[in-house]
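Residue numbers (the numbering used here): 11 to 73. All C-beta atoms, glycine included, are put in the ideal place defined by N, C-alpha and C. Note sheet for the following structure.
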């Protein structure tokens, strides 16, 4: 559903989770090189002001 969505630091994301509307804010974004990932290499994330959500994207939540 959110595949290929560009997200920026500070952006609000609103979505439904089991009937509850959640409003989240992107506080920090780390990106990796897709070319290096597809080539089988390992790469550490780099802080960035924006990123692209993909099916492999990992998202952490804090309350």
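Alpha-carbon spacing of residue 31 relative to residue 37, whole angstroms: Taking the straight line from one Cα to the other gives about 19 Å.
Collapsed DSSP secondary structure at residue 105 in the structure displayed: Nothing in the structure corresponds to residue 105, since the chain is present only between 11 and 73.
Residue 51, buried or exposed, once every other Cβ within 10 Å from all chains shown has been counted against 16: With fewer than 16 other beta carbons inside 10 angstroms of its own, residue 51 counts as exposed.
Selected residue, minimal CA-CA separation from residue 58, among 67, 69, 73 and 41: 41
Which of helix, strand or coil DSSP assigns to residue 19: coil
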